[in-house]
Amino acid sequence: MKILLFGPAGAGKTSLMRTTCLGYNFMKVLNLKPTKGVSRENFIFRGIMELNVWDLGGQERYMERYFSESQRELIFSEATTAVFMVDSSAIDHEVRDIFDKFLKYVFEFSPKINMIYVLLNKIDLQESKEDEYYEILTKDLDGGLIKKLSFTPVSVKEGSAQHRLIEILDFEIQKNTLSMQRLGKIRHLLDELKLNTLSEYLLFNQPDGLLISSTFGKFELKPLQFMKFEIGTLDSNIYTIYQQIMELQNISNLSPLSLSTIVYESDNCWILVKEVSNGAVLMAVTSNKRREVFSSVMNALTGDSFKNLILYLKSSEY
Ligand SMILES: Nc1nc2c(ncn2[C@@H]2O[C@H](COP(=O)(O)OP(=O)(O)OP(=O)(O)O)[C@@H](O)[C@H]2O)c(=O)[nH]1
Ligand SMILES: [Mg+2]
């Protein structure tokens, strides 16, 4: 799926893409350099849909190039989603001309697009004038055209821009038969894991941290911030102890420690977190703390249903 991220320099396009698709926090995008021309990146969104994001650097010299006769078709064709973003704290009347050209070429070269999303960004700033920008962008626009535009005041800093982009992309998932099939299959595999374990399972995508599916169905959750396990002091410590114990027991073939499952304990349940493959993290929440329940979850996480899930996630094409 080709996603166009378009708009004047400094609007926040790259910030939006990195925070949404790579799970970066805002601090990490504070000092981004301007994007040089076209930057294309691939992401797996929500674990089921491949995105090809075209993040188009907004400096004037690049704009001229995108609209030039030799390039416009390459840039604006075959897009499934088109997003136009502005910095509402820096009103610039010349952006209207860019916006008009953008609309013209998107509709001309990607005729399947029936909605263009306009994000009026940086409303966290006091000097933000999103209403004024809305007027500038829509003044004297044809009524039929306005119906094909969806304006949202947002802030990447506060998270509402990411929320809106996720909403837009979720809508694309719903329109995409293949993605819906994948989702159905994953849900089925989770339901199989759940069988006889008295636990609920949630599967998260990496790196965006979004919920792929769960035995509860789909619901709003904050993205999972999952750091890859790294051999730190505690781990290497444990490894040394483990090594010694194995020596004491005369076991020579020492297997590497894999920290693939973490267990959390609360007063009334266990929560197990396990990396499924590079791209996904599974969470199991038990309904109580009985010993049988714990061992049934451990069985599930090491058994065939889990293997089927891994195989499916590895095999499926987007
Ligand atoms: N206050 C505030 N700053 C933001 C917000 N979104 C982005 N910024 C900042 O705006 C600056 C420009 O962001 P970029 O993401 O590089 O903008 P861009 O649209 O990719 O710019 P070009 O690549 O030149 O087209 C960065 O310093 C961001 O930290 C926001 O919602 N609020
Ligand atoms: Mg950029």
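Going by the working numbering, the first residue of the sequence shown is number 4, and it counts up by one from there. Using N, Cα and C, we set each Cβ at its ideal position, and we do this for glycine too. Small disclaimer: the values here were computed from a predicted structure and weren't measured.
Here residue 133 is buried. Its C-beta has 16 or more other C-beta atoms within 10 Å. For residue 259, the closest alpha carbon among the candidates 227, 250, 166, 246 is that of 246. DSSP places residue 17 outside any beta strand (DSSP E); the residue lies instead in the alpha helix (DSSP H), whose first and last residues are 16 to 24. When DSSP states are grouped into helix, strand and coil, residue 159 belongs to the coil group.
In the three-state scheme derived from DSSP, where H, G and I count as helix and E and B as strand, residue 180 is classed as helix.
Within the segment 114 to 177, complete alpha helix (DSSP H) segments of at least 4 residues are found at 133 to 141, 146 to 149, given in chain order. For residue 38, no alpha helix (DSSP H) encloses it, and the DSSP letter there is neither H nor E. Classified as buried, residue 59 has 16 or more neighbouring CB atoms from the shown chains inside 10 Å of its CB. DSSP places residue 271 outside both helix and strand once states are collapsed to three, so it counts as coil. Following the DSSP letters along the chain, one finds residue 53 inside the beta strand (DSSP E) bounded by residues 52 to 59. Rounded to whole angstroms, the separation of the alpha carbons of residue 8 and residue 312 is 33 Å. Here the alpha carbon of residue 121 sits roughly 6 Å from the alpha carbon of residue 88. Taking C-beta atoms as the reference points, residue 175 and residue 52 count as a pair closer than 8 Å. Rounded to whole angstroms, residue 49 and residue 221 show a C-alpha spacing of 11 Å. The beta-carbon separation of residue 280 and residue 317, rounded to 6 Å, stays under the 8 Å limit for a contact.
For residue 62, the shortest C-beta to heavy atom distance toward ligand 1 is below 7 Å.
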